[in-house]
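The structure under discussion appears below in the form of structure tokens.
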Amino acid sequence: NELKRMATKLSESDAIRIQDQNLVVALRIRPISEEEICVGATPIAHCVDKNMVVLMDPLEDPDDILRANRSREKQYVFDLGFDGNATQEEVYVSTCRLLIPNVIKGFNASVFAYGATGAGKTHTMLGTDREPGIMARALNDLFLEMDRTKEDMSYKVTMSYLEIYNEMIRDLLNPGSGFLELREDAKGVQVAGLSEVSARSTREVMDMLMKGNKERTQEPTAANKTSSRSHAVLQVTVRQRDRVRDILQEVRVGKLFLIDLAGSERAANTQNTGKRMIEGAHINRSLLALGNVINTLSDKNSSRYVNYRDSKLTRLLKDSLGGNCKTVMIAHISPASVHFEESRNTLAYADRAKHIKTKVKKTVMEVSHHIAQYNNIITELREEVERL
Ligand code: ADP
Ligand code: MG
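Numbering (full-length UniProt numbering), first residue to last: 152 to 539.
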């Protein structure tokens, strides 16, 4: 428990370190899985520092002089890095918790989970009953905050859960309602006919999300048993009314978008044809559009025109990216050597979303060999502390 408390404290200090940034890019490496170990995969991705990630190219042929001459290690710097030991609580506290007061004040914010199928996106966003993810934790904090201030303010928190599949919008809380249209009016971007429910407890939220997730378009591809071919978007709206002044007047409206993106593996990788190929093209297009928008926002001096119209996803988020809105991108990778290509693509995408200049001059060479050792030592120490 002491260890847990310390970890949460550290996450809080991380959150404070980045709280003034409008764009935060984090990387989460999940633990290596049984299946990966069974096929002889080894860990090739490590967090070296609080925010540096190293990916090692697993050489197929160590005698290949051309390849061996190249550095096998590539390092990436992000705002935050999480490895397999990071808990759901730590990830939530350092990336998302500080967004809550902003949303209550009426600012919009969005959090994206990016990565290939199986890299851990749904674990981070939805999680499980025992280890709830960002979605339930954020709503829980909103409920607590509302309770705390209910004397002078009246809040209403509602949620909608939708998917964007092949550039079409479906209501995951009311799947029978067919495809929904995006409208832009004086109040901003709206999905016409989307159901909005008010939830009271974290339990209720989790149940609704789990049920909604079963409605997501998930179909088998050659590479994966079930890969999510759609973006799942949880839209939380906080409407505030001033109790003291005027009960009917809406004072502020803040929106929080929590998004479990479609698997980023490229269509080319999954030997897709026909329907699967069209899905792949749509996914690539929207992920590319999102990357472009975020990249433009990260460069304050850029005079480039931000093209939201390139995809449904960026159109939906038009009022929630840029300006005073906070954006958090959590990219996900597997640490296993069998997923090297996917991990490299994800790291490149996240790196491009916000290129953070490396302050460390010295090249980190072959560092992951040592890191693997340290990781073992840390795990042992943790276990020891837990036993105490
Ligand atoms: P994605 O949504 O990116 O396809 P999932 O979130 O479904 O991937 O994760 C794939 C598998 O790995 C699931 O069985 C999940 O429980 C597990 N997993 C993912 N991230 C973690 C983590 N940080 N700790 C433990 N298990 C994880
Ligand atoms: Mg998923």
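Glycine included, each C-beta is placed from N, C-alpha and C at the ideal position.
- If you draw a straight line from the Cα of residue 263 to the Cα of residue 236, it is about 21 Å long.
- Under the three-state reduction of DSSP output, residue 532 falls in the helix class.
- The C-alpha of residue 392 is placed about 48 Å away from the C-alpha of residue 226.
- Going by C-alpha positions, residue 364 is about 22 Å away from residue 179.
- Residue 247 sits in coil when the DSSP states are folded into three classes, being neither helix nor strand.
- Taking a cut-off of 8 Å for Cβ pairs, the segment 192-202 and the segment 239-251 do not touch, as fewer than three such pairs fall below it.
- The C-alpha of residue 463 lies about 28 Å from the C-alpha of residue 283.
- Three or more beta-carbon pairs separated by less than 8 Å link the segment 165-180 to the segment 466-486, which places the two stretches in contact.
- Taken from the Cβ of residue 272, at least one heavy atom of the ligand MG lies inside 7 Å.
- DSSP, read as helix, strand or coil, puts residue 459 in helix.
- Set against 7 Å, the gap from the CB of residue 368 to the closest heavy atom of the ligand ADP is not smaller.
- Annotation: the continuous beta strand (DSSP E) that includes residue 484 extends over 477-484.
- When the alpha-carbon of residue 503 is set against those of 440, 411 and 538, the nearest one is in 440.
- With contacts defined as CB atoms closer than 8 Å, residue 345 and residue 385 fail to qualify as a contacting pair.
- Restricting attention to 495, 487 and 287, the CA atom closest to the CA of residue 189 is found in 487.
- Taking the Cβ of residue 246 as the reference point, every heavy atom of the ligand ADP lies at 7 Å or farther away.
- For residue 444, same chain residues with a beta-carbon under 7 Å away, outside a window of 5 residues either side, are 457, 459, 465 and 472 in chain order.
- By the C-beta density criterion, residue 407 is buried, having at least 16 other C-beta atoms within 10 angstroms.
- Taken in chain order, the whole beta strand (DSSP E) runs of length 3 or more contained in the segment 288-365 are 304-316, 319-322, 333-336 and 339-342.
- With a contact defined as Cβ atoms closer than 8 Å, residue 485 and residue 181 qualify at about 6 Å.
- Selection 233, 402, 322 and 265 evaluated against residue 342 yields 322 as nearest (Cα-Cα).
- No heavy atom of the ligand ADP is found nearer than 7 Å to the CB of residue 490.
- Counting every other CB atom within 10 Å of its CB across the protein chains shown gives residue 196 a total of 16 or more, marking it as buried.
- In the three-state reduction of the DSSP assignment, residue 263 falls in the strand class.
- Closest in C-alpha terms to residue 347, from the list 185, 301 and 308, comes 308.
- Using a cutoff of 7 Å, the CB of residue 485 does not count as near the ligand MG, since none of the ligand's heavy atoms is closer than that.
- Here the alpha carbons of residue 305 and residue 254 stand approximately 14 Å from one another.
- Measuring C-alpha to C-alpha distances from residue 224 to each of 231, 230, 234 and 210 identifies 210 as the nearest.
- Here residue 329 is exposed. Its C-beta has fewer than 16 other C-beta atoms within 10 Å.
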